[in-house]
Amino acid sequence: MAGFALKRLLDSAPDLRAKARPLLAQITAWHRWFHATRDPQGTGLVAIIHPWESGRDNSVDWDRPFERVPTEGITPYTRRDAQHADPARRPTKEQYGRYIWLVERFRDLGWQTEKLHDASPFQVIDPGFNAIPIRSCLDLADLADALVEPELAQESRNMAERGLAALSSLWSEGRGQYLCLDRVTGEVVGG
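Here the numbering used here is used: the first residue of the sequence shown is 755, the next is one more, and so on.
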């Protein structure tokens with residue numbers, strides 16, 4: 755996310771730090787928006803609402819939550835992925851229909867981000883995905899400290915700390931790893 759990227763850029767070009775000051779408030783606002791739209795209950799953890807967001811499209815972690823996504827009523831489509839890749843390594847027709855159903859649902863809502871989370875039958879807390887905004891907030895807090903923006907630093911740090919504290923609830927001692935959470939059912943999934 756942007757906080758991480760900006761910090762890396764400024765670490766390699768510290769003479770540009772002063773020019774970056776206006777970006778701090780904008781990135782903080784972006785983090786605030788992301789948490790508000792993907793964590794409307796304020797748990798500290800954001801949900802993915804489509805498997806494509808995760809970078810782990812076909813993960814078995816999504817299987818149970820994905821089952822409740824309907825496939826009825828989707829617009830006919832032509833898959834291009836199975837033409838250049840081994841179909842055995844691609845999602846099934848039914849799975850792909852679920853991907854398309856979600857996209858069409860979000861499109862029908864006009865991509866209004868404040869509505870998408872609650873409208874999605876697929877709401878999964880992915881610890882790997884959550885590590886990204888947590889890291890971004892921590893990096894932005896460090897930058898805000900360096901640029902003497904204490905309020906922005908504290909807000910970013912608070913978001914990161916809330917996420918880290920909530921992330922600990924996904925740790926499975928028995929499996930020795932973090933697990934995903936189906937926000938709709940409250941069940942731990944995957945692993």
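We treat Cβ as the ideally placed atom computed from N, Cα and C, and that holds for glycine.
Per DSSP, the bridge partner or partners of Cys934: Val943
At least 3 beta-carbon pairs within less than 8 Å: the segment 849–866 vs the segment 889–908: no
Cβ shell of Ala836 (< 8 Å), same chain only, five flanking positions each side left out: Arg844
Length of the line joining the Cα atoms of Gly940 and Ala767: 45 Å
Candidates Asn812, Val942, Trp925 and Gln908, of which the one nearest Pro841 by Cα: Asn812
Closest by C-alpha distance to Leu763, when choosing among Glu807, Leu933, Asp893 and Gly928: Asp893
C-beta atoms of Pro887 and Met755 nearer than 7 Å: yes
Interface flag, Pro881 vs chain B, CB-CB below 7 Å: No chain B appears in the structure shown, which is made up of a single protein chain.
Neighbour-count burial assignment, Pro904, 16 or more Cβ in a 10 Å radius: exposed
Endpoints, alpha helix (DSSP H) assigned at Ala801: Neither: Ala801 is in no alpha helix (DSSP H) and is coded neither H nor E.
The segment 789–803 / the segment 860–871 touching (three or more Cβ pairs under 8 Å): yes
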